[in-house]
Structure formats: structure tokens, C-alpha cells
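Novice: If you scroll down you'll find the structure; I have some questions about it.
Right, here's the structure in full:
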């Protein structure tokens, strides 16, 4: 009996008793012991070995100990040793003595029983009880909730029945990652997961997609990820059942960043030292397992500061005084054992007599810019991308071009892309994404927003087609309402007409937003004028 609000311990003792029918009478079956597996209790101490006599049998006795204070339990765990051989144990000898399970009675009367090191609940017992904490995927069963008078004990784990290997832990972008599971026992319920360094703590299910392929045969299962990028780095987990237990094996994969993963603002700059004696440069990268350190060069006469956001980290260089001549500043990104990644930013100094475009604050504060250069400005708060405006060779400003897109819409688009590639739970995430798209219609105010919205719907439709999941009629109805509502919005109509009726630069919003493999993710500087894009378009 477990004392209320007191910890309990299940103690396993194994004794070989020789030549007595009483021994057989005391050998517990599954109902007496509270478990269902015939695994030996302590292979290291000799339990489960053949008896010394044909007349001997092995008896396992499970004892429940109640404690009024948890410190007693810890003290017992530290000092647990086999007693010396004694005649009082005749006609047998105590050969195994191990702690298997620790139970706590909770205020609601339920009993939480956790397995100690080397032990686990078998799959049969696990399937009939709730885990102590919610799990997001089929993890090894190490803690269960019981209701009095139920009880049970964890069982000794056999040797791990498999190995998980990979071709290399450091994957170059664009390569194919191969993870191979080799098993010595029959396996069931095998699943692959990815736990990334950022985002939800819930591991991501990996299922067949444009980047993911799964193959299996007797004793072997292979996961392949093609065209890998930093969005595929993290801990790869393989879960399966074998020998009555759930097993979890993992490998950690690292993927170096590429220059395209680095966002600079601006990526080029022309400066009039007479009107702007100082300026700022920023270099931003996504969070990765590799732990990059960033630095700017040259750094004389300037000050660098680091700041983090949930998705990335930025190093901002504040130059206090203009350089005497045109200068190329370099953002150096280094990680131990990797070739440094260097991203340049060209700064052109406007000299007396140069043709320039004047300051202009009609929508965005455009500084004096040298003819033939493109001025750049950050997007407003909660929008990602960049605003660019060319300064013509005759010193006349051209029209601005914006790739600013609502960050919520971009996040949905990127999630839909990864879902189609093979990351995620289609039956769960497709309806969720459609519901979120309906909520996001209120923020659609530009062609970039509309393209992100339509792109998300396109990828979700591909996922539905490939996985053959069934959508509720209300979700399908919502799709048409969503698209119709966006096209009928007067602001969107006006923006679309103006956008498509004027000439586009090669780096315009349309070409950026329709690129399926790369979306500008970073906008580090924030404008305080949220309505400027409407006036621009």
C-alpha cells in the first residue's frame, strides 16, 4: 500500500532456491509481479543465469517500499548493495538486488510511476495507461499514471536491438542526407522525426515528399533527404517497437549556411559625407546548431552590436565617420572547423561634382544617392523584405519597388513549402493553415501579400493531392471565400493594376515572391510609417 503523498519504490530481488517445492509456490506470475515481460531483472549480477543444479529454480520477488521522506529514497539508492551471504537465506542465495520503479502519489490521488535507469514499461502496459507528461510522438515509455489499487513495475531493458548511422554529420547544402537503421529484431511502428533548433519543441514528422524518401526491407530502414539546406538541420529521431519495448535512436545533423542565407541591409550604399557623416550596416543569419560568430571588417572608428530575434541574430555595425574613399565592408561569419563565410557590402562615397538624386521624403526617407545606384530602405514593422529605388544616370529618381510582405503570410508560405517537401503532419496542418489564411486576409494590402497567399494555397493543394487527405467541406468553402475576398479588395485591385501596368526591374517584387526555393526572410531595419507602401503602389 502506498502511503498518501509519500514516494514509493519497487525493489526487485532475485534468489535461486534449490530443490524445494516451496520455491515453485513462491515464484510470482505476471499478475503477482505487476508486469508482463519475462525479462531477467539484473543481467549484470547474474540474474537469469542457468541454476547450479537441475533441481534449482529462479525466484524474483518484488517488494514495494513506502517512504515518508524522499531523502530516504535517495540515500537508499546511493547505498544499495547486496548483503553478505548468510545462512538465513538458506536454501538459496540473494543474487540480484535492483531498484526498478519510483512512484509518487499526486494530490488528485493518481500515482505517477517512473522507471529508474535501465528499466522501462513494456509496450503492452504502456498502451493501457496515460503518460505522466504529454508526448508529441511515440517516445520510450518511462513514466505512467496509475489509479489505486493498480500497481506495476518497470522491466529491465534488453540490449538495444539496432543501430542508426548516417553518411556524414556535416551535410553540405544541396547534398543528399542518408540515415540507415539496422535492426537485429523484428520492428513495428517505425517513424522518423526531426527536432529543429528553432520553432516549436514538438518534433516534426518526416513523411514522403519532394525532398523526403523512405525505404525499408527486412532488418533495414533508410531515410533520405535530398537537396538539403539549413532548414533540414537538427536532431533526427527514429522511433520503433521491438522486443515489447519502444526504442528511440537519434543522430544530429549540421548544415553550414550559404551566402544566400545571410541578409544584409543594405547590400550596397552610396553616402554623402556632407549630409550623412555616419551610417549603419547590418548582417543577419538564422539560428543554427553550428553557432556562428559574426564580425565586421574594417571595424576602426565604428561600433558593433549584436541583437537576437526568435528566428535569427544580427550584427549591426555603426560607422561614426565616413571613410575617406569607397570601401567594401565585409561581414565575416565563422564556425569552428568550417570555411569562413564572407558577405561584402559596397559603400560608395559621393564626391564633389558627382551627379546625385536629392533627398526625398514623399513616402520613405530617401537619402542623397549617387546616380546609377539603387537606394534601399527597410520595410515597416511586421513586414519582411526591402524597398528599393533606382537613381537614374541623370540624377532623377525612378519609381520605388517593394518586396515587403506580411511576416505572417510569409511564415505560412514557408511552412506550406516544407510540408510539401516532407516535413510535418498533413492531416493536421493543412486545415490549420487554411484557417490561418482566412484570418490573414485582413492584412493583404499589396501584390506581394497576394502572391504569398496564392503561393501558400498552391502548395497546400499539392500536399492534399499527394497525401490524399480528406478536407472538410467548410475548409474547401473557406478557400474560395478567401481568394474571392482578396481579389475584391479595392486596395489590392489598385495595387495590382499599378504594379502590372508599369515596367518591372529584374529584381522586382514579382520575381522575388514567385521564387519557390528562396524567399527573402529578413528585414532588420524597421520603418515607423506603416502606410507608406500604400502610397508607393
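In mature numbering (1 follows the signal peptide of the UniProt record, and there is no 0), the protein residues as written are -25 to -1, 1 to 512. Beta carbons: idealized from backbone N, C-alpha and C, even for Gly.
To the nearest angstrom, how far is it from the Cα of residue 276 to the Cα of residue 157?
Specialist: If I take the Cα positions, the gap works out to 58 Å.
Novice: Exposed or buried, which one is residue 249 when buried takes at least 16 other CB atoms within 10 Å?
Specialist: Exposed, since its Cβ has fewer than 16 Cβ neighbours within 10 Å.
Novice: Specify the secondary structure class of residue 434 as computed by DSSP and reduced to three states.
Specialist: The answer is helix: DSSP assigns residue 434 an H, G or I state.
Novice: Exposed or buried, which one is residue 217 when buried takes at least 16 other CB atoms within 10 Å?
Specialist: Buried, by the Cβ-count rule.
Novice: Tell me, please, whether the CB atom of residue 134 is closer than 8 Å to any CB atom in chain B?
Specialist: Among the chains of the structure shown, chain B does not appear; only one protein chain is present.
Novice: How far does the beta strand (DSSP E) with residue 352 in it extend, from its first residue to its last?
Specialist: Start and end: 349 to 352.
Novice: Which first and last residues belong to the alpha helix (DSSP H) in which residue 383 is found?
Specialist: Its alpha helix (DSSP H) spans residues 382 to 396.
Novice: For residue 165 and residue 179, which I take to be in contact (beta-carbon distance under 8 Å), what is that distance rounded to the nearest angstrom?
Specialist: 16 Å between Cβ atoms; not a contact.
Novice: Between residue 363 and the rest of its own chain, which residues show a CB-CB distance below 6 Å, the 5 nearest in sequence each way excluded?
Specialist: Here the set comprises 349, 351 and 376.
Novice: Considering only DSSP beta bridges, list what residue 167 is partnered with.
Specialist: According to DSSP, which records beta bridges pairwise, residue 167 is partnered with 213.
Novice: Along the chain, where does the beta strand (DSSP E) that runs through residue 278 open and close?
Specialist: From DSSP, the beta strand (DSSP E) with residue 278 extends over 277 to 283.
Novice: Indicate whether residue 395 and residue 332 have their beta-carbon atoms separated by less than 8 Å.
Specialist: No.
Novice: So, for residue 233: in the same chain, excluding its five sequence neighbours on each side, which residues have a beta-carbon less than 6 Å away from its beta-carbon?
Specialist: Within the same chain, residue 233 has close Cβ partners 148.
Novice: Are the CB atoms of residue 393 and residue 431 within a distance shorter than 8 Å?
Specialist: No, Cβ-Cβ distance for residue 431 and residue 393 is not below 8 Å.
Novice: Using the rule of at least 16 other Cβ atoms within 10 Å of the residue's Cβ for burial, across every protein chain shown, is residue 154 buried or exposed?
Specialist: Buried, by the Cβ-count rule.
Novice: Taking the beta strand (DSSP E) that residue 140 belongs to, which residues open and close that run?
Specialist: Residues 137 to 141.
Novice: On the three-state DSSP scale, how would you describe residue 416?
Specialist: The answer is helix: DSSP assigns residue 416 an H, G or I state.
Novice: Taking just the CA atoms, how far does residue 163 sit from residue 88?
Specialist: Spanning the two alpha carbons is a distance of roughly 26 Å.
Novice: What do you get for residue 131, buried or exposed, if any count of 16 or more other CB atoms within 10 angstroms of its CB means buried?
Specialist: Buried, since its Cβ has 16 or more Cβ neighbours within 10 Å.
Novice: Can you tell me the Cα-Cα spacing of residue 144 and residue 189, whole angstroms?
Specialist: Using only the alpha carbons, I get a separation of about 19 Å.
Novice: Out of 94, 118 and 92, point me to the one whose CA is closest to residue 101's CA.
Specialist: Nearest option by C-alpha distance: 118.
Novice: In three-state DSSP terms, what is residue 223?
Specialist: Residue 223 falls in the strand class under three-state DSSP.
Novice: Going by the beta-carbon positions, is the gap between residue 151 and residue 397 smaller than 8 Å?
Specialist: Contact flag unset, no.
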